[in-house]
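For the sequence shown, our numbering gives the first residue as 1, with consecutive numbering after it.
The beta carbon of each residue, even a glycine, is placed where N, CA and C say it ideally should be.
Only one structure is covered here, and it is reproduced in the block below.
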Amino acid sequence: MFDGFWDNVSRYPRYLITIVLGIFLNTFEPFLPFLKRPVTLVALVGLLVGVFFFVTLTLRAMLGLSAT
1 MFDGFWDNVS RYPRYLITIV LGIFLNTFEP FLPFLKRPVT LVALVGLLVG
51 VFFFVTLTLR AMLGLSAT
């Protein structure tokens, strides 16, 4: 009944990694043409940094963490 159970269980991490990589690649593939021009690359990086800081500051304010 349990023949190959652990072999089957050991395949799940590989499956999870494959699914996550597929989602990541399909999400960011439309942005690849923008990375070929320096102006749009700088704008895209600036946007990502701005979003990161916005989320960081928002979560700190919501959780009551001090900035120091």
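Q. Leaving out the 5 sequence neighbours to the left and right, which residues in its chain are closer than 7 Å to residue 63 when beta-carbon positions are compared?
A. none
**Q.** Check whether residue 41 and residue 52 have beta carbons under 8 Å apart
**A.** no
Q: Please go through the same chain and pick out, in chain order, the residues whose beta-carbon is closer than 7 Å to the beta-carbon of residue 37, but skip the five residues on each side of it.
A: none
**Q.** The alpha helix (DSSP H) enclosing residue 13, as first and last residue numbers
**A.** Going by DSSP, residue 13 is part of the alpha helix (DSSP H) stretching over 12–28.
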